[in-house]
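Line by line, the protein sequences are chains A and B.
Residues in the first sequence are numbered from 478 upward in steps of one, following my numbering.
Residues in the second sequence are numbered from 699 upward in steps of one, following my numbering.
Positions of the beta carbon are idealized from the N, C-alpha and C atoms, including for glycine.
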Amino acid sequence: MTTETLAKTPLHALHIELGARMVPFAGYDMPVQYPLGVMKEHLHTRDAAGLFDVSHMGQIVLRGEHAARALETLVPVDIIDLPVGMQRYAMFTDDNGGILDDLMVANLGNDTLFLVVNAACKDQDLAHLQKHIGSQCEIESLFEARALLALQGPKAVDVLARLAPEVAKMTFMQFAPVRLLGVDCFVSRSGYTGEDGFEISVPAEHAETLARSLLAEPEVEAIGLGARDSLRLEAGLCLYGHDMSTATTPIEASLLWAISKARRLDGLRAGNFPGAGRIFEQQRDGVASKRVGLLPQERVPVREGAEIVDADGTVIGTVCSGGFGPTLGAPVAMGYVQSAFVAVDTPVWAMVRGKRVAMKVAKTPFVPQRYYRG
Amino acid sequence: MSELRFTVEHEWLRQDADGLVTVGITAYAQEALGDVVFVQLPEVQGYAEGDEVAVLESVKAASNIAMPLDGEVVEVNGELESSPELVNEDPLGKGWFFRFRPANASAVADLLDQAAYERLLNANADA
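Right under this line is the structure:
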């Protein structure tokens, strides 16, 4: 074992104390599940509230009057008109239109943007920002300084409002500085489960106190990365490195919705992000294959990497994420299929241990999203 | 009913009075796997020791079950197809996988006994 080379989040000791099973993930020693187990952790999050340690993710602040304009040169998303107190989903694209990472961007006001990027990409993202826009704004990494907790589920609002009543008024994708237990935090009403909930950026030295306080509430259980993955999969949310990568564009990844109107071909600030030419071309001419939801028609889970075939057995795609959906009580998957097969209800088959498993192309999310929109 | 025997792959075997051997996975193994959501059972046919005869899928991952000895599978636990959670809830009882007729009946006794299996678990825990 080489656990000594793995990084630890500020909640590492707490995970061990709670009896978590730890696994290496993106260079960190992370809890994959607690004694409750993946299935019950998943169901508890949909039923009440779950607390996730996502401190391995990268938090970055951009400051300066040109910060929004600068960031727009790296993402196909409207950052200039992102209102103060709002957060938006974005992705860094490369010159081929491939996706370097996906991220959340919030406008803190006072020419300050707050970014959350994926753990496995954070060093590369920071270097990317410094290389391309480092001369146009100040870039501060909060990788060591801040922890990130996610409190997700229908009871999350009741729990967090006990510490700060004002969070109950926030709506989906709002972002605000909030004092929790006397500590200055940033709270966004968002998450990665399809449920209502919050993400809380807290100074690293106060993370454990806050986590213990939230876990002491009767509705809250600690939830590991295993359930985080099954929750996001049921919600139809992409996982970077699996459902998208530099080999896929936002169009192929079915993320056209995330390209802001202002940045599209007919928009006010069209293009001027890496790979815009290829992305617009694909939007106009279509793509060879695309990400779709898939519902296996048998009980056997269909995993990432499984080949997808048509009725004749011709390979038409690959599964990019797959597993069992505890809320659905059935397997769920996403995959890339040739564009002739993307229509909902199209029958396709996955090859699992040499056998064909019937699937249907399906709409995502597989489980209805329950975001709080006011 | 005789006492249980074990493999290093965390399977248990019980030689029954009719000469058949029942196979399942141990409490330790089901705990390590997590929630089992699907079990692919063997065919009723002969297998060689080490053949992959069954697959267990947890929420996160798939793992293979190997044939513990040469022999012929004569019965599978069909209940696991609709209730795979029995593997977690009752691994030594209702969570059994299959019964087989060993090619060499005395080979079962050569596998790990309870004390040897516990030593293996302790050694794993210390590793």
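Residue range Val734 to Gln738 is occupied by the beta strand (DSSP E) that includes Gln738/B.
For Gly574/A and Gly671/A, the gap between their C-alpha atoms comes out near 27 Å. Interface residue (Cβ-Cβ distance to chain A less than 8 Å): Ala725/B is not classified as such. Looking at the backbone, the Cα of Val834/A and that of Leu710/A are separated by about 19 Å. Of all residues in the region 505–516 of chain A, those with a C-beta nearer than 8 Å to a C-beta of chain B are Val509, Gln510, Gly514, Val515 and Met516, reading in chain order. Residue state for Phe591/A is assigned as strand, using DSSP reduced to three classes.
Taking one beta carbon from each stretch, the region 810–821 of chain A and the region 671–684 of chain A have fewer than 3 pairs nearer than 8 Å; the two do not touch. Residues are counted here when their Cβ sits less than 8 Å from a Cβ of chain A; for the region 704–738 of chain B these are Gly732, Asp733, Val735, Phe736 and Gln738, given in chain order.
Inter-segment contact for the region 816–828 of chain A and the region 766–779 of chain A is present: three or more beta-carbon pairs are separated by less than 8 Å. Look at the region 584–633 of chain A and you find these whole runs of alpha helix (DSSP H), each 4 residues long or longer: 599–610.
For Arg523/A, no chain B residue has a Cβ inside 9 Å of its Cβ, as the nearest lies near 14 Å away. For a cut-off of 8 Å, the C-beta gap from Leu702/B to Gln812/B is around 6 Å, short enough to register as a contact. Cβ-Cβ separation between Val636/A and Glu698/A: approximately 11 Å, too far for a contact (criterion under 8 Å).
Ranked by Cα distance from Val644/A, the options Ala544/A, Ser612/A and Ile677/A are led by Ile677/A. Of Arg817/B, Glu816/B and Val806/B, the smallest CA-CA separation from Asp714/B is found for Val806/B. Not flagged as an interface residue toward chain A: Glu787/B, since no C-beta distance is shorter than 8 Å. Scanning chain A for C-beta atoms nearer than 7 Å to the C-beta of Ala760/B yields Arg780, reported in chain order.
Beta-bridge pairing by DSSP links Tyr566/A to Met581/A.
Exposed is the label assigned to Ile493/A, since fewer than 16 other Cβ atoms lie within 10 Å of its Cβ. Taken atom to atom, the span from the alpha-carbon of Cys598/A to that of Ala567/A is near 14 Å.
Looking at Phe704/B, Phe795/B, Ser780/B and Gly717/B, the one whose alpha-carbon comes closest to that of Pro740/B is Phe795/B. Taking the C-beta atoms as reference points, Gln651/A is found nearer than 8 Å to Met563/A.
Asn584/A counts as buried, since at least 16 other C-beta atoms from the protein chains shown sit within 10 angstroms of its C-beta. Linking Val764/A to Glu707/B through their CA atoms gives a straight-line distance of about 47 Å. Proximity to Ala622/A across Gly794/A, Thr486/A, Ala724/A and Gly802/A peaks at Thr486/A, based on C-alpha coordinates. Where Met499/A is concerned, the enclosing beta strand (DSSP E) starts and stops at Arg498 to Phe502.
Judged by DSSP secondary structure, Lys832/A falls within the beta strand (DSSP E) whose first and last residues are Lys832 to Ala839.
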